[in-house]
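Residues in the sequence shown are numbered consecutively from 0, following numbering that gives the first Met the number 0.
Down below is the structure, laid out as structure tokens.
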Amino acid sequence: MKKTLMKWTLTAAIFFFGLGTELKFESVFADSSAITNLDQLRGVFENRLLTRTEEFTVSYSGDKEQLSKQLPGLLREATEQDDYTAYIVDSYFYTLRTWSARAKLTVTIQYRETPEETAEVNRQVSHIVKQIISPRMNGHEKVKEIHDWLVRYLQYDTRYERYTAYQALQDRRAVCQGYALLAYKMLNEAGIKNKIVEGTVASGDHAWNLVLLDGKWYHLDVTWDDPVPNRDDLLSYNYYLKTDEQIRQDHAWTKEYPKALLSYETTLESLKKSDPARQTFYIRLAELIRKAENE
């Protein structure tokens, strides 16, 4: 089963000009005041990314040598400020024009999802979560409900064409990146902190989620819990809230992420005693996980 992840690419170029013809761009957002240091510039980058600005220009009056050295890393850090943003940025390109006192920086960004599409994702996610999540549910119940909804609603895109949450909602198909992005949005909407993990499996690049429950992190790979070919009647829990050790059997990652050390089966055993009102739920979930492990 092939699982595909399309990483955002960072195509960047710097052009240094003295006096001469200025490059022309259309539909450019220009900051009215000069930026004097890299922290201010990082804030501008983060804001423009969150608002999906496709092109903007800033005037920089700080250390130009420092700017030219740190600019690529600064842009990368700003892109990675938010997991959702990081995975819908397709590429960026920048030009830097300098003269005696100031530098003029223009950044052009290509996104996989338009602001309107992201707004539609937010609208649909809000509606869906209100439909499937009850105020009386705790975090464990919410995660299972969202996991099950995603597995039932989506099919894996075997043509490897749909990478965004918007495409996942509209077409009911996506590759792992679309699954992880939609899970990220739905979990956040339900009040469950989570991250998107970028890694690899035997077939190539892959993405899944890290979920925080009661102060502990767990891996959640909804894509690999969705059978291919699709079966609406089948819900798998093979990759449901796993530790680093458990998921490392066939998943790998190189970036630093919060450690997932506590077995969820151990967590469920503890919850049966500490939360007797939901004991039936915990027993049933533990059975589903054990069944998946024995298949």
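Note that the Cβ used here is the ideal one computed from N, Cα and C, for glycine as well.
Quiz item: What runs of the alpha helix (DSSP H), each 4 residues or longer, lie entirely inside the stretch 60-137?
Solution: Those alpha helix (DSSP H) runs which fall completely within the stretch 60-137 and span 4+ residues are 63-78, 82-85, 114-131.
Quiz item: Can you tell which of TYR256, GLY190, ALA189, ASP225 has the C-alpha that lies nearest to the C-alpha of HIS218?
Solution: Taking the sequence shown and counting its residues from 1, one reaches residue 218 at position 219. For HIS218, the nearest C-alpha among the options comes from TYR256.
Exercise. Note down, one range per segment and in chain order, each alpha helix (DSSP H) of at least 4 residues found wholly within the stretch 185-258.
Key: Within the stretch 185-258, the complete alpha helix (DSSP H) runs of at least 4 residues are 243-246.
Quiz item: Just how far apart, CA to CA, sit LYS1 and GLN80?
Solution: Mapped onto the sequence shown, residue 1 falls at position 2. Mapped onto the sequence shown, residue 80 falls at position 81. Unreliable placement is indicated for LYS1, whose pLDDT of 42 sits below 50; no coordinate value is reported for it.
Self-check item: Classification of ASP224 by the beta-carbon crowding that lies within 10 angstroms, buried from 16 upward
Solution: Taking the first residue of the sequence shown as position 1, residue 224 is located at position 225. Counting the other Cβ atoms within 10 Å of the Cβ of ASP224 gives 16 or more, which makes it buried.
Quiz item: Looking only at DSSP bridge pairs, what is GLN296 linked to?
Solution: In the structure as shown, the chain begins at 0 and stops at 294. Residue 296 is therefore absent and cannot be evaluated.
Quiz item: Residues bridged to ILE34 by DSSP?
Solution: Position 35 of the sequence shown, counting from 1, holds the residue named residue 34. Residue pairing by DSSP places ILE34 opposite TYR59 in a beta bridge.
Quiz item: For LYS184, which option in ASP156, SER133, VAL120, LYS241 has the closest C-alpha, if you only look at C-alpha atoms?
Solution: Taking the first residue of the sequence shown as 1, we reach residue 184 at position 185. When each option's Cα is compared against that of LYS184, the closest is VAL120.
Quiz item: Alpha carbon to alpha carbon, what distance is there between ALA182 and GLN176?
Solution: Along the sequence shown, one-based indexing puts residue 176 at 177. Along the sequence shown, one-based indexing puts residue 182 at 183. For the pair GLN176 and ALA182, the Cα-to-Cα distance works out to about 10 Å.
Quiz item: Can you name the start and end residues of the alpha helix (DSSP H) that SER315 belongs to?
Solution: Here the chain covers residues 0 to 294 and nothing more, so residue 315 does not appear.
Exercise. Just tell me which of ALA179, GLY42, ARG101, ARG51 has its CA closest to the CA of ALA33.
Key: As a working note, residue 33 is residue 34 in the sequence shown. Shortest Cα-Cα distance from ALA33 to any of ALA179, GLY42, ARG101, ARG51 involves ARG101.
Quiz item: Could you give the residue range of the alpha helix (DSSP H) that holds TYR281?
Solution: If you number the sequence shown from 1, residue 281 lands on position 282. That run of the alpha helix (DSSP H) goes 278-293.
Quiz item: If you draw a straight line from the alpha carbon of GLN130 to that of ASN137, how long is it in whole angstroms?
Solution: By 1-based counting over the sequence shown, the position of residue 130 is 131. By 1-based counting over the sequence shown, the position of residue 137 is 138. GLN130 and ASN137 have their C-alpha atoms spaced approximately 16 Å apart.
Practice problem: With a cut-off of 8 Å on the beta carbons, I'd call TYR91 and ARG51 a contact; round off their distance for me. | Solution: As a first step, residue 91 must be located in the sequence shown, where it is residue number 92. As a first step, residue 51 must be located in the sequence shown, where it is residue number 52. Actually they are not in contact, since the Cβ atoms of TYR91 and ARG51 sit about 12 Å apart, beyond 8 Å.
Quiz prompt | CB contact flag (ASP213, LYS241, <9 Å) | solution = Along the sequence shown, read from residue 1 onward, the residue named residue 213 stands at position 214. Along the sequence shown, read from residue 1 onward, the residue named residue 241 stands at position 242. No.
Quiz prompt | When GLN169, TYR93, VAL57, GLU294 are compared against SER235, the one with the closest alpha-carbon | solution = Against the sequence shown, residue 235 aligns to sequence position 236. Considering only alpha carbons, the answer is GLU294.
Quiz item: By a C-beta neighbour count over all protein chains shown, 10 Å radius and 16 as the cutoff for buried, is GLN245 buried or exposed?
Solution: As a position in the sequence shown, residue 245 is number 246, starting the count at 1. Counting the other Cβ atoms within 10 Å of the Cβ of GLN245 gives 16 or more, which makes it buried.
Quiz prompt | For ARG47, the three-state DSSP class (helix, strand or coil) | solution = Taking the sequence shown and counting its residues from 1, the one referred to as residue 47 is at position 48. Note: ARG47 maps to helix in three-state DSSP.
Exercise. Decide if the stretch 199-213 is in contact with the stretch 148-164; the criterion is three or more beta carbon pairs, one per stretch, under 8 Å apart.
Key: Verdict: no, contact absent.
Quiz item: Would DSSP call GLU160 helix, strand or coil?
Solution: Sequence index remark: in the sequence shown, residue 160 carries index 161 (1-based). Coil at GLU160, not helix or strand.
Quiz item: What did DSSP end up calling LEU149 once you bin it into helix, strand or coil?
Solution: Sequence index remark: in the sequence shown, residue 149 carries index 150 (1-based). Per DSSP, reduced to three states, the secondary structure at LEU149 is helical.
Quiz item: What do you get for ASP38, buried or exposed, if any count of 16 or more other CB atoms within 10 angstroms of its CB means buried?
Solution: On the sequence shown, residue 38 is found 39 positions in, with the first residue counted as 1. The C-beta of ASP38 has fewer than 16 other C-beta atoms within 10 Å across all chains shown, which makes the residue exposed.
Quiz prompt | Same chain, Cβ closer than 7 Å to LYS192, five either side skipped, listed in chain order | solution = Taking the first residue of the sequence shown as 1, we reach residue 192 at position 193. Counting only Cβ-Cβ distances below 7 Å, and skipping sequence neighbours, we find LEU211.
Self-check item: C-beta contact flag for ILE132 and ALA189 at 9 Å
Solution: Reading the sequence shown from its first residue, position 133 is the one you call residue 132. Reading the sequence shown from its first residue, position 190 is the one you call residue 189. In this structure, ALA189 lies closer than 9 Å to ILE132 by Cβ.
Self-check item: Beta-carbon contacts of LEU40 that lie in its chain and below 6 Å, excluding the five residues immediately before and after
Solution: By 1-based counting over the sequence shown, the position of residue 40 is 41. Close CB contacts of LEU40 within its chain, under the 6 Å cut and outside five residues either way in sequence, are with ILE34 (chain order).
Exercise. Closer than 8 Å by C-beta to TYR152: which residues in its own chain qualify, once you throw out the five before and the five after it? Chain order, please.
Key: Taking the sequence shown and counting its residues from 1, the one referred to as residue 152 is at position 153. Here the set comprises ARG171.
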